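See below for the structure under consideration.
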Amino acid sequence: MIHQGPIAKPAPLLRAVARALLRAVVTGTAEPPPPAPRRRQVRVPWPRGRRGATVDLVRLGDAALAFVAFAGGVAYMEGPAAAARWPHDEAYLVILSAAFSLPLVLRDRWPLAAWRCALLALPAGAAVVGEFLSPPYPPGAAIACLLVAYSVAVRSDGAVAAGVWLVSCLAAVAVDTGAAVPAVTGITVAVLFGHNVRARRLATGKLAEEERRAEDALAARAALAERARIARELHDVVAHHMSVIAIHAEAVPLRAGGDAGLLAQGLAEIRALSLKTLAEMRQVVGVLRGAEGADTAPQPGLHRLDELVATASRAGVSLRVSGSGELGDLPGTVGLTAYRIVQESLSNAMRHGSGSDVTAELVRDGDELRIRVANSLPADPGATPGGLPGKRPGHGLAGMRERVGMLGGTFRAGRVGAEFVVTATLPIGEDAE
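Using the numbering used here, the letters of the sequence shown map in sequence onto residues 4 to 436.
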């Protein structure tokens, strides 16, 4: 007894071939033509000052080639046909030549439609003139078929291109078996070359897209870095001066003790600090925006530490600064970072420390600058030092850490016994003199 299994389903390869043939002959569509580059376009002026027309050189070349194929087809069929006593009216020559050359005009805009026209025209024309001519089509018609097959492969996916190749090869064998080998070879070369061009274009497009995404990512990172820099600069200016102003505003009435003169002097100091703050903010914003006419005064450095000492003294805070080594010839970025660390540490001491004692020590040792700023902590952890409302953590420590990190240094901040200590090590580099 012979066991009969279930009927085998069509092989996936056969289904794929059937879909490729169906898409090539009936349902498939080609991609729209890409925008023509400027080098493919030429402006044709009109007389009498009228607006000229823009002509695509590729389509103009296709039209010229179609005309040559048309004229060559008429001449090709007219000579042998006359000798063989062409039985049809000469209008057939014109119609057949036009049908053979028409796909060349259509191939750039509608490549699949052009190939389908060639697929119909070549066998139909060969059936009419096959008994008079060998091969039964003009050379221009063969060139047109190769060009439209190439255009389809460039503008269609691999399945459609494979279907076009298979149908074209079968049609070439059916039309003229004697020229089947060169015809199949030419069609194969045209389709493979077109597919290779398409693959290269797709790879180039993907590469360009990846480059564009990389540029967008770099631009986004640069924007984030710029936002962080702006926030850091404004915080260093505003936080310090606002802390000093707030302490002044609280201390002035207590220090005046009802004396109008001392009160007026204290308010004048607050006004001077406010104007200084506004001036520094305008300078920072102007430099960051790159505005014309912006104040380009040099950025603060260690030479302005005396101002910090004086400002802290007026606010009732004792700031003692000590230094060793050559501190006057530091690079601008190192000097600015050191100044900002001392300034922000002083601001934090006013807001969160006991508000009475701050020491800053700067030591240059070879190619590095060591900074240590310490302030005493309040005895009552729940108290609000300096009379400033709210002990919510700010961005001062993060800003200092970012500044030090950009220079490749090290930064630490934390409680050491009854003090809060900020330490930083900044590499000076070879550019310091």
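Quick reminder that beta carbons are idealized off the backbone N, C-alpha and C, glycines included.
Every value quoted in this text rests on a predicted model; they were computed, and no experiment measured them.
| Exposed or buried, what is Ala186 when buried is set at 16 or more other beta-carbons lying within 10 Å of its beta-carbon? | The residue given as residue 186 occupies position 183 in the sequence shown. Buried is the call here.
Original post:
Thinking just about the alpha-carbon of each residue, which of Val184, Leu195, Ala129 is nearest to the one in Leu150?
Top reply: Taking the first residue of the sequence shown as position 1, residue 150 is located at position 147. Of the candidates Val184, Leu195, Ala129, the one whose C-alpha sits nearest the C-alpha of Leu150 is Leu195.
Ser321 to Ala249 span [Cα, whole Å]
Numbered from 1 along the sequence shown, position 318 holds the residue referred to as residue 321. Numbered from 1 along the sequence shown, position 246 holds the residue referred to as residue 249. One C-alpha to the other measures close to 17 Å.
Check your understanding: Of all the options Arg112, Ser379, Thr336, which has the alpha carbon lying nearest to the alpha carbon of Gly408?
Key -> Mapped onto the sequence shown, residue 408 falls at position 405. Checked all of Arg112, Ser379, Thr336; the closest Cα to Gly408 is Thr336.
Exercise. What whole-angstrom Cβ distance do Ser379 and Glu422 have, given they're in contact under 8 Å?
Worked result: On the sequence shown, residue 379 is found 376 positions in, with the first residue counted as 1. On the sequence shown, residue 422 is found 419 positions in, with the first residue counted as 1. Rounded, the Cβ-Cβ distance is 6 Å, consistent with contact.
Task: Extent of the continuous alpha helix (DSSP H) to which Ile98 belongs - done: Along the sequence shown, one-based indexing puts residue 98 at 95. For Ile98, the enclosing alpha helix (DSSP H) covers residues 94-109.
### Query
What is the C-beta distance between Leu68 and Leu107, in whole angstroms, given that I count them as a contact (C-beta under 8 Å)?
Taking the sequence shown and counting its residues from 1, the one referred to as residue 68 is at position 65. Taking the sequence shown and counting its residues from 1, the one referred to as residue 107 is at position 104. Confirmed, about 5 Å.
Whose C-beta lies closer than 7 Å to the C-beta of Ala101 among residues of the same chain, with five residues either side of it excluded?
Counting from one through the sequence shown, the residue named residue 101 turns up at place 98. Counting only Cβ-Cβ distances below 7 Å, and skipping sequence neighbours, we find Phe73.
Problem set entry | DSSP state of Thr191 mapped onto helix, strand, coil | The residue you call residue 191 lines up with position 188 of the sequence shown. The answer is helix: DSSP assigns Thr191 an H, G or I state.
In chain order, what residues of the same chain lie with their CB nearer than 6 Å to the CB of Cys148, ignoring the 5 residues before and after it? As a first step, residue 148 is located in the sequence shown; it is residue number 145 there, counting from the start. Within the same chain, Cys148 has close Cβ partners Ala121.
Taking Cβ positions, are Gly264 and Val255 nearer each other than 7 Å? Counting from 1 along the sequence shown, the entry for residue 264 is found at position 261. Counting from 1 along the sequence shown, the entry for residue 255 is found at position 252. In this structure, Val255 does not lie closer than 7 Å to Gly264 by Cβ.
Where does Glu364 sit, in a helix, a strand or coil, going by DSSP? If you number the sequence shown from 1, residue 364 lands on position 361. Residue state, collapsed to three classes: strand.
task = Tell me whether Val430 sits in a helix, a strand or coil according to DSSP, three-state version.
result = Residue 430 sits at position 427 when you count from the first residue of the sequence shown. Residue 430 is actually Pro in this sequence, not Val. Strand at Pro430.
* Asked: Do you know offhand how far Gly420's Cα is from Ala313's?
  -> Walking along the sequence shown from the start, residue 420 turns up at place 417. Walking along the sequence shown from the start, residue 313 turns up at place 310. Between Gly420 and Ala313, the C-alpha separation is close to 28 Å.
- Assumed close pair Tyr140, Gly197 - CB separation to whole angstroms, cut-off 8 Å: One-based indexing of the sequence shown puts residue 140 at position 137. One-based indexing of the sequence shown puts residue 197 at position 194. Not really, about 21 Å apart at Cβ, beyond 8 Å.
* Asked: Of the residues Asp368, Leu400, Leu372, Arg230, which one's Cα is nearest the Cα of Gln346?
  -> As a first step, residue 346 is located in the sequence shown; it is residue number 343 there, counting from the start. That would be Leu400, whose Cα lies nearest to the Cα of Gln346.
Inset, instruction - Might you give, ordered along the chain, the residues of its own chain that have their beta carbon closer than 6 Å to the beta carbon of Ala352, omitting 5 neighbours on each side? - result: By 1-based counting over the sequence shown, the position of residue 352 is 349. Excluding sequence neighbours, Ala352 sits near Val361, Asn378.
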